[in-house]
Amino acid sequence: MTDPATDGPLHQVLDWVRQEGSLGAAEDLDYAVTLLRAAQAGRLTDPVVRLYRPEPTVAFGQRDARLPGFDQARQACRDHGFAPVVRRAGGRAAAYHGGSLVVDHVQRDTDAMQGFRDRFAGFGELFVDVFRARGVSAAVGEVPGEYCAGEFSVHTPLPPGPDGAARGPVKLAGTAQRVVKGAWLFSSSLVVEDPAPVRAVLTDVYAALGLDWDPATAGAASDADPGITVEAVAASLREAYAGTRAGARTRITDRSWADLLARVPAG
70 MTDPATDGPL HQVLDWVRQE GSLGAAEDLD YAVTLLRAAQ AGRLTDPVVR
120 LYRPEPTVAF GQRDARLPGF DQARQACRDH GFAPVVRRAG GRAAAYHGGS
170 LVVDHVQRDT DAMQGFRDRF AGFGELFVDV FRARGVSAAV GEVPGEYCAG
220 EFSVHTPLPP GPDGAARGPV KLAGTAQRVV KGAWLFSSSL VVEDPAPVRA
270 VLTDVYAALG LDWDPATAGA ASDADPGITV EAVAASLREA YAGTRAGART
320 RITDRSWADL LARVPAG
């Protein structure tokens, strides 16, 4: 099979959806699982990539919800204007807001567990390519002391501060994965702009939970390039998906948010 626009083989076809507005902090997370179940049931035949700019949210892990300081941590979220939610996948608490880009990739797969670890590595490298395309140096790997620590976190080194003092790397993206029989969901949060609210809310949340971390590791791509925007990163992500990888290409079909909701209703 070949893509009419190129001479290379067509690797896959996928639907690209930019969400309009928010369903609500918890509802946005839940809708990703709704899409996963729709793919599992065969109602979504092609892979779907859904992108949105979230409401200010702190997504707690299941382990966080069992800690004695959880109620205090939730109140800290509200005090900072962030909605506290508990996600079904992933590790410790992570924060994101309108300066972030959430990317949900949902795909049918007869052997969804196969390649579980490879997907973490592959998506990490994808986001590294995206940030580098915008002029932000990036790499995959855990940052010592980072929030929601993970082997496949995406981070960037920072230039020295105004006083010339060295600064450590900051986390740019965290990823999580959920697998069911016949389909998988890969969710990613990229912090692009306005890191201060993320750092502030996580400082109080982690203190309430009694978890050690280094607040200096919380940042955004704008720490490295003040001119970068969420929309620029979204455009580079689309280009990365469509570009040639391993001699193959992906053909992207733009779908409206209304069309996706009609096919897979929320709630």
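Those letters in the sequence shown? Residues 70 to 336, by the numbering used here.
Glycine included, each C-beta is placed from N, C-alpha and C at the ideal position.
Buried or exposed by the 16-neighbour rule on C-beta atoms within 10 Å, applied to R203: Sixteen is the threshold: when 16 or more other Cβ atoms of the shown chains lie within 10 Å of the Cβ of R203, as they do, the residue is buried.
C-alpha distance - P73 paired with G237, whole-angstrom precision: With a pLDDT of 42 at P73, under the threshold of 50, the modelled position of that residue is not reliable, and the figure given next carries that caveat. Straight-line Cα distance between these residues: approximately 46 angstroms.
Closest by C-alpha distance to A309, when choosing among V199, A234, T225 and F255: V199
C-alpha gap between G160 and T225, whole angstroms: 21 angstroms
Beta-carbon proximity check, R332 vs R112, cutoff 8 angstroms: yes
For L330, the nearest candidate out of A101, V82, A95 and A94 (CA to CA): With distances taken between Cα atoms, L330 lies closest to A101.
Any non-hydrogen atom of the ligand GTP within 7 angstroms of T126 CB: Of ligands this structure carries none, so the ligand GTP is not represented either.
Candidates L195, G138 and R157, of which the one nearest A311 by Cα: L195
Supposed contact pair A285 and L271 - C-beta distance, whole angstroms, cut 8 angstroms: That pair is no contact at about 11 angstroms.
C-beta contact flag for V249 and F185 at 8 angstroms: no
Ordered list of alpha helix (DSSP H) runs contained in the stretch 255-323, each at least 4 residues: 264-278, 290-293 and 299-311
Terminal residues of the beta strand (DSSP E) in which G184 lies: No beta strand (DSSP E) holds G184; DSSP gives it neither H nor E.
Contact check, V171 vs S291, beta carbons under 8 angstroms: Contact: no.
Spatially closest choice to G168 from R318, P264 and C146, by CA coordinates: P264
contact_flag[the stretch 117-135, the stretch 88-95] where n(CB pairs < 8 angstroms) is 3 or more: Contact holds between the stretch 117-135 and the stretch 88-95, because three or more Cβ pairs, one in each stretch, are under 8 angstroms apart.
Proximity to P334 [Cα-Cα], best of T103, Q88 and V86: Comparing C-alpha distances from P334 to each of T103, Q88 and V86 shows the shortest one belongs to T103.
Cβ neighbour criterion (16 or more within 10 Å) applied to S325: With fewer than 16 other CB atoms across the displayed protein chains lying within 10 angstroms of its CB, S325 is exposed.
The alpha helix (DSSP H) enclosing F139, as first and last residue numbers: F139 to D148
Backbone CA spacing between Q109 and V82 [nearest angstrom]: Put simply, the backbone Cα of Q109 is about 17 angstroms away from that of V82.
C-alpha gap between T114 and L241, whole angstroms: For T114 and L241, the distance between alpha carbons rounds to 31 angstroms.
Closest residue to D84 among G336, D328, T322 and A327 (Cα-Cα distance): T322
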